[in-house]
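Shown next, in structure tokens, is the structure this report addresses.
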């Protein structure tokens, strides 16, 4: 099934594309030696997510747990178990999936 057969997924993909638009080089910057400047906060967030991925691949969920919001309106769609809603349930669901 392609993404456009599922309207919510198509909308998510469109939103992701639009949100990345400011980071696309202009027509004048499409040379091979062009450098796209990325905000430092985005670079830091990407580095943190890469480190979290490295940790979770080695059995340590603390990296992703640190990236989750502290609010109670977060949700984890866990493919290995039940969904978690709220920080406490999300961390519990993540711990269960890390043990699989």
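In my numbering, the protein residues as written are 745 to 844. In this text, a Cβ means the ideal position worked out from N, Cα and C, and glycines have one as well.
Only counting the same chain, and skipping five residues up and downstream in sequence, which positions put a Cβ closer than 7 Å to that of residue i?
i	result
residue 812	818, 831, 834
residue 836	828
residue 816	830, 831
Using a Cβ-Cβ cutoff of less than 8 Å, which residues in the same chain neighbour residue i once the five nearest sequence positions on both sides are dropped?
i	result
residue 801	none
residue 795	807
residue 821	827
When DSSP builds the beta bridges, which residues end up paired with residue i?
i	result
residue 820	828
Looking at the structure shown, is residue i part of a helix, part of a strand, or coil, going by DSSP?
i	result
residue 780	coil
residue 815	coil
residue 807	helix
Take residue i and list the residues in its own chain whose beta-carbon comes closer than 6 Å to its own, dropping the five residues that flank it on each side.
i	result
residue 838	805
residue 786	none
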